[in-house]
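See structure below.
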Amino acid sequence: MAQSIIDNQLLTRKGRYLAILRLGTPILIGQLGQIVVGFADTAMVGNYSTDALAAASFVNNIFNIVLLMCLGFTYGLTPLVGALFSASRNEDIGATLHRSVRLNFLFSMVLTAIMFVLYLNVDKLGQPEHLIPLIRPYYLIYMSTVAAIMLFQTFAQTSYAVNASMMPMWVVLFCNMVNIAGNYLLIRGNCGLPELGLNGAAIATFISRWLAVVIIVGFFVLSRRYRPYRATALRPRGHGYATGKILRTSLPVSLQMGLEASSFSIAAMMAGWLGHNELAAFQIFVIIGSLGFCIYYGMAAAMSVLVANASSCVDAERHMRAIAGSGYVIILVLAATASTVFLSLGTHLIGVFTDDETVIAMTASMIVPLVIYQLGDATQINFANALRGTSNVMPMMWIAFISYIVVGIPATYVMAFVFGWGIVGIALSFSVSLFLAGGLFLYSFLRTTRKPVEAA
Numbered sequence: 001m002a003q004s005i006i007d008n009q010l011l012t013r014k015g016r017y018l019a020i021l022r023l024g025t026p027i028l029i030g031q032l033g034q035i036v037v038g039f040a041d042t043a044m045v046g047n048y049s050t051d052a053l054a055a056a057s058f059v060n061n062i063f064n065i066v067l068l069m070c071l072g073f074t075y076g077l078t079p080l081v082g083a084l085f086s087a088s089r090n091e092d093i094g095a096t097l098h099r100s101v102r103l104n105f106l107f108s109m110v111l112t113a114i115m116f117v118l119y120l121n122v123d124k125l126g127q128p129e130h131l132i133p134l135i136r137p138y139y140l141i142y143m144s145t146v147a148a149i150m151l152f153q154t155f156a157q158t159s160y161a162v163n164a165s166m167m168p169m170w171v172v173l174f175c176n177m178v179n180i181a182g183n184y185l186l187i188r189g190n191c192g193l194p195e196l197g198l199n200g201a202a203i204a205t206f207i208s209r210w211l212a213v214v215i216i217v218g219f220f221v222l223s224r225r226y227r228p229y230r231a232t233a234l235r236p237r238g239h240g241y242a243t244g245k246i247l248r249t250s251l252p253v254s255l256q257m258g259l260e261a262s263s264f265s266i267a268a269m270m271a272g273w274l275g276h277n278e279l280a281a282f283q284i285f286v287i288i289g290s291l292g293f294c295i296y297y298g299m300a301a302a303m304s305v306l307v308a309n310a311s312s313c314v315d316a317e318r319h320m321r322a323i324a325g326s327g328y329v330i331i332l333v334l335a336a337t338a339s340t341v342f343l344s345l346g347t348h349l350i351g352v353f354t355d356d357e358t359v360i361a362m363t364a365s366m367i368v369p370l371v372i373y374q375l376g377d378a379t380q381i382n383f384a385n386a387l388r389g390t391s392n393v394m395p396m397m398w399i400a401f402i403s404y405i406v407v408g409i410p411a412t413y414v415m416a417f418v419f420g421w422g423i424v425g426i427a428l429s430f431s432v433s434l435f436l437a438g439g440l441f442l443y444s445f446l447r448t449t450r451k452p453v454e455a456a
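Heads up: the sequence shown runs through residues 1 to 456, numbered per my numbering.
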């Protein structure tokens, strides 16, 4: 029955749009909630002090690599569970979730160990020396949330793949409110609590992320909606995908997203070489830019699930292309909307985060470069997720390596330092890597869907 329902809703253009919007809107709202937290964190920290904002910028951009690698690793689960769901293989879904929890937790421990080694050498990364005492404790608290991100996303991606995207949305929104309340109480020491400054923001994040894990696991244990998957989620008994299959699907997506984040994190390091004001401005630029990225990714994630659902349909390749095309139209509309907001309200948004006139002027100079790269970002997000839905994920890793590392990082250095464009050059350089990645992901998706999906 599930198979025929999925086929019918994907047969018409209107049906595809409605299916993507229905599944993607709760994901998008959850992503918007994350943006609100990012805005609130940056605004509260930035208004506390410019040094705190600069230190947060450095740590956040370093941990963005880990965050996106965690997300990418769990994103590899979505097409696997999506294909099982379209075939009504509930026992296999539960068993696949069980193995994913173990594998993903182990992966989070590996990432945490790597970040601890980096922590031991944080003073050797060329950042302003007076920021190091602020960076160190903030870094350690953030590091303790890596496993929480991984566990929450494992259950969230499983929920998305079985077309139940509302529950993770409500969990994210509730925990975001907890995070913002924690910021209010702990950064400046309101309501009789101690004034912890930047560390208060980190503690609030720690509490909200681990609370999200407790709540979402509780839903899987207690909710009737997830009852068909519970028996084999506790005892797989030979059902579901093997751990090796999950790893082969998850690792390339994780590396692709990690490589993309690395280019931004290394750009943040280069901004720190320019000075602490430039580093603070870069943090505001990234937070504002995340408004577009997160919204596009919400719809692209839904489109990816439907591509995976369509993999077992008759004439699967045509269906997958049609779904990806419909998703691209929706994301282009969102990109045009985001660009309009950036151009018309950019200066007002910047003023929310700081009252430092130097930082405001620097950030304002990056608004036009931010708008320029929106089309490239929308394209690469759409077709990377379309490719993920086909389960042919190996090309994603190589495309990311070429686009973000081989081309992107040198372009950032050349534009910032060789051309002497400074912080504006850093912002402009992102268009180079994002447009290149978008073109390569589109080519790879079209190539993948020319052949039978079994051979992909």
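Note that beta-carbon positions come from the ideal geometry of N, C-alpha and C, so glycine has one too.
- Burial state of Tyr-443, where buried means 16 or more other Cβ atoms lie within 10 Å: exposed
- Query: What residues in its chain sit with their C-beta under 8 Å from that of Ala-476, if we drop five residues either side in the sequence?
  - Reply: For the chain, the structure presents residues 1 to 456; residue 476 sits outside this window and is missing.
- Closest by C-alpha distance to Leu-77, when choosing among Thr-390, Ile-180 and Phe-441: Thr-390
- Starting from Pro-194, follow the alpha helix (DSSP H) in both directions and report where the run begins and ends. Run containing Pro-194: none; DSSP gives neither H nor E here.
- Near Gln-31, which residues of its chain fall below 7 Å by C-beta distance, leaving aside the five closest residues on each side in sequence? Beyond the five residues adjoining it in sequence on each side, Gln-31 comes within less than 7 Å, by CB distance, of Cys-294, Ile-295, Tyr-297 and Gly-298 in the same chain, given in chain order.
- Simplified DSSP state of Ser-416, which is helix, strand or coil: The displayed chain sequence assigns Ala, not Ser, to residue 416. If DSSP states are grouped into helix, strand and coil, Ala-416 belongs with the helices.
- Burial state of Met-109 (16 or more Cβ within 10 Å): Label assigned to Met-109: exposed.
- Once you ignore the five residues that flank Val-213 on each side, which residues in its own chain have a CB closer than 7 Å to its CB? Ala-148, Leu-151 and Phe-152
- Item | Distance, Val-359 Cα to Leu-306 Cα | Here the alpha carbon of Leu-306 sits roughly 43 Å from the alpha carbon of Val-359.
- Query: When you compare each of Leu-173, Arg-230 and Leu-198 to Ser-208 by their alpha carbons, which one comes out closest?
  - Reply: Leu-173
- DSSP three-state call for Met-396: helix, strand or coil? helix
- Determine the burial state of His-239: buried for a count of at least 16 other Cβ atoms within 10 Å of its Cβ, exposed for fewer. Buried is the call here.
- Message: Whole angstroms are fine: how far does the CA of Ala-427 sit from the CA of Tyr-506?
- Response: In the structure as shown, the chain starts at 1 and stops at 456, and residue 506 therefore has no counterpart that could be examined.
- Query: By DSSP, does Leu-125 sit in helix, in strand, or in coil?
  - Reply: coil
- Message: With three or more C-beta pairs closer than 8 Å as the rule, is the region 197-205 touching the region 52-59?
- Response: yes
- Straight-line CA distance for Ile-287 to Ile-266? 16 Å
- What's the gap between the Cα of Lys-245 and the Cα of Ala-95? 13 Å
- Task: Return the chain-ordered list of same chain residues with a C-beta closer than 6 Å to the C-beta of Phe-107, the five sequence neighbours on each side being excluded.
- Result: So the list reads Phe-73, once near-sequence residues are dropped.
- Message: Measuring only the C-alpha atoms, how far is Ile-409 from Pro-228?
- Response: 47 Å
- Message: Could you compute how far the alpha carbon of Arg-450 sits from the alpha carbon of Thr-249?
- Response: 20 Å
- Item | Where Pro-252 falls, given that 16 or more other Cβ within 10 Å makes a residue buried | With a threshold of 16 other beta carbon atoms within 10 Å, Pro-252 meets it and is buried.
- Query: By how many angstroms is the C-alpha of Asp-315 removed from the C-alpha of Gln-283?
  - Reply: 46 Å
- Task: Please say whether Leu-211 and Cys-175 have beta carbons closer to each other than 8 Å?
- Result: yes
- Task: Check the Cβ-Cβ distances between Leu-67 and every residue of chain D, and say whether any is below 8 Å.
- Result: Annotation note: the requested chain D is absent from the structure, which comprises a single protein chain.
- Message: Let me make sure I understand the geometry here. Which of Ala-384, Asp-355 and Val-414 has the alpha-carbon closest to that of Ser-49?
- Response: Asp-355
- My guess is that Ala-271 and Glu-260 are in contact by the Cβ rule of under 8 Å, so how many angstroms apart are they, rounded? So it is not a contact: roughly 17 Å between Cβ atoms.
- Item | Residue ranges of each alpha helix (DSSP H) within the region 302-375, 4 or longer | 316-353, 357-364 and 367-372
- Message: Just to confirm before moving on: does the CB-CB distance between Val-122 and Tyr-139 stay below 8 Å?
- Response: yes
- Message: Quick check on the burial criterion: 16 or more other C-beta atoms within 10 angstroms. Buried or exposed for Gly-82?
- Response: buried
- Starting from the Cα of Pro-236, find the closest Cα among Leu-67, Ala-87 and Asp-92 and give me that residue. Asp-92
- Residue environment, Leu-387, which counts as buried when at least 16 other CB atoms sit within 10 Å: buried
- Task: Within 10 angstroms of the Cβ of His-130, are there 16 or more other Cβ atoms? Answer buried if so, exposed if not.
- Result: exposed
- Item | Beta-carbon separation (whole angstroms), Ile-423 vs Ala-281, contact threshold 8 Å | Yes, Ile-423 and Ala-281 are in contact; Cβ-Cβ is about 6 Å, under 8 Å.
- Message: According to DSSP, is Ser-391 part of a helix, a strand, or is it coil?
- Response: coil
- How would you label Cys-191, buried or exposed, when you count the other beta carbons within 10 angstroms and need 16 or more for buried? exposed
- Query: Is Leu-222 buried or exposed, if buried means 16 or more other CB atoms sit within 10 Å of its CB?
  - Reply: Leu-222 should be labelled exposed.
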